[in-house]
Ligand code: SF4
């Protein structure tokens, strides 16, 4: 779908998944890096999502809470910025700092302080999906393993039951 768009790509996907059971005897490659495909914010229409209703849709932090995500207090931030100025100097003016939106856990925030906008990382909420490491348009975020068994407990339980 990334290569051919939603209609042609969707049709190809339908044939592969539904008629061939995912075993179509050809493989299509898409060699473009995901992070380099991001369009500048001024070329996009802002999407106004409806507020979560608390029944079928939920706010990010409620979902983080039920994932039992936990990281020991005081440990070093496991989300490393190669250049701490890039989120505000480059990503904010060009891409409206997309980390605020692609992170499913609301880890990244742009806040206003006395000396202007600053980038805040709430690493204790990280769900370890690694989207920030892959999607950041400046390739500026390096996800590293946190200390101990920190992270989403639900995923750990799933992984341990899946490995049985
Ligand atoms: S790994 Fe996922 S949850 Fe953690 S900060 Fe990056 S995007 Fe957010």
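Numbering (our numbering), first residue to last: 2 to 165.
Even for Gly, the Cβ is constructed at its ideal location relative to N, Cα and C.
Given the structure is predicted, the values throughout are model-derived calculations rather than measurements.
Any non-hydrogen atom of ligand 1 closer than 8 Å to residue i Cβ
i, result
"residue 108", "yes"
"residue 134", "yes"
"residue 1", "There is simply no residue 1 to check, as the chain begins at 2 and stops at 165 in what is shown."
"residue 131", "yes"
"residue 71", "no"
"residue 14", "no"
"residue 80", "yes"
"residue 126", "yes"
"residue 89", "no"
"residue 8", "no"
"residue 142", "yes"
Buried or exposed (CB count within 10 angstroms, at least 16 for buried), residue i
i, result
"residue 120", "buried"
"residue 50", "exposed"
"residue 90", "exposed"
"residue 143", "exposed"
"residue 57", "exposed"
"residue 138", "buried"
Contacting residues, own chain, Cβ-Cβ under 7 Å from residue i (five flanking each side not counted)
i, result
"residue 23", "17"
"residue 149", "73"
"residue 106", "61, 65, 126, 127 and 128"
"residue 130", "105"
"residue 146", "79"
Rounded straight-line distance, which links the Cα of residue j to that of residue i
i, j, result
"residue 7", "residue 38", "16 Å"
"residue 109", "residue 45", "21 Å"
"residue 62", "residue 98", "19 Å"
"residue 69", "residue 152", "8 Å"
"residue 36", "residue 96", "12 Å"
"residue 28", "residue 21", "13 Å"
"residue 75", "residue 122", "14 Å"
"residue 19", "residue 12", "10 Å"
"residue 9", "residue 140", "30 Å"
"residue 84", "residue 113", "19 Å"
"residue 5", "residue 115", "47 Å"
Residues near residue i by beta carbon distance below 6 Å, same chain, minus five either side
i, result
"residue 88", "98 and 120"
"residue 59", "53"
"residue 3", "31"
"residue 25", "17"
Close-in-space but distant-in-sequence residues of the same chain around residue i (CB under 8 Å, 5 per side omitted)
i, result
"residue 133", "80, 100, 103, 104, 108, 109, 142 and 144"
"residue 135", "35 and 36"
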